[in-house]
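Only one structure is covered here, and it is reproduced in the block below.
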Amino acid sequence: MATTIPASIARSQFGFLLEAASKRRQRFVISRGGRPAAVLLSIADFDDILEELDIEFQKSLRASAKEIRAGKGIPLQQYLKNRKTKRRAA
Numbered sequence: 892m893a894t895t896i897p898a899s900i901a902r903s904q905f906g907f908l909l910e911a912a913s914k915r916r917q918r919f920v921i922s923r924g925g926r927p928a929a930v931l932l933s934i935a936d937f938d939d940i941l942e943e944l945d946i947e948f949q950k951s952l953r954a955s956a957k958e959i960r961a962g963k964g965i966p967l968q969q970y971l972k973n974r975k976t977k978r979r980a981a
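Count along the sequence shown from 1, then add 891; that gives the number in this note's numbering.
Set out below in structure tokens:
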């Protein structure tokens with residue numbers, strides 16, 4: 892959930908808002924004249940948004956979901972166990 896802050900407050904408290912966004916992943920909607928004008932969020936959140944919009948990433952997700960539905964997936968613990976076993980053998 893984002894906190895809405897007037898631009899005048901955001902200007903005077905930018906350092907605090909930047910730290911809250913980057914370290915605590917808080918999100919802020921900056922308003923001007925009572926209307927939303929911009930968003931301040933962490934780079935991690937921004938990367939997540941861009942990743943979800945990426946067409947190739949979406950294709951990869953759909954292919955993975957199809958494999959899981961077809962029973963081709965394995966639980967993470969099994970994957971890690973298999974990986975560990977292969978490393979020892981090498």
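Glycine included, every Cβ here is placed at the ideal spot set by N, Cα and C. Every value quoted in this text rests on a predicted model; they were computed, and no experiment measured them.
Of all the options the options, which has the alpha carbon lying nearest to the alpha carbon of residue i?
| i | options | result |
| --- | --- | --- |
| Met892 | Leu931, Ser951 and Gln968 | Leu931 |
| Thr895 | Glu910, Arg923, Lys914 and Arg915 | Arg923 |
Count the other CB atoms within 10 Å of the CB of residue i; is the residue buried (16 or more) or exposed (fewer)?
| i | result |
| --- | --- |
| Ile921 | buried |
| Phe937 | exposed |
| Ala901 | buried |
| Leu908 | buried |
| Phe919 | buried |
| Ala912 | buried |
Considering just the uninterrupted stretch of the alpha helix (DSSP H) at residue i, what are its terminal residues?
| i | result |
| --- | --- |
| Ser951 | Ile946 to Arg960 |
State yes or no: is the C-beta of residue i nearer than 7 Å to some heavy atom of the ligand PLP?
| i | result |
| --- | --- |
| Lys914 | For the structure depicted, the ligand PLP is absent and the ligand set is empty, with no information on it obtainable. |
Tell me where the beta strand (DSSP E) around residue i begins and ends.
| i | result |
| --- | --- |
| Ser922 | Arg918 to Arg923 |
| Ile965 | Run containing Ile965: none; DSSP gives neither H nor E here. |
| Leu908 | Not the beta strand (DSSP E): Leu908 falls in the alpha helix (DSSP H), residues Phe905 to Arg915. |
| Ala929 | Arg926 to Leu931 |
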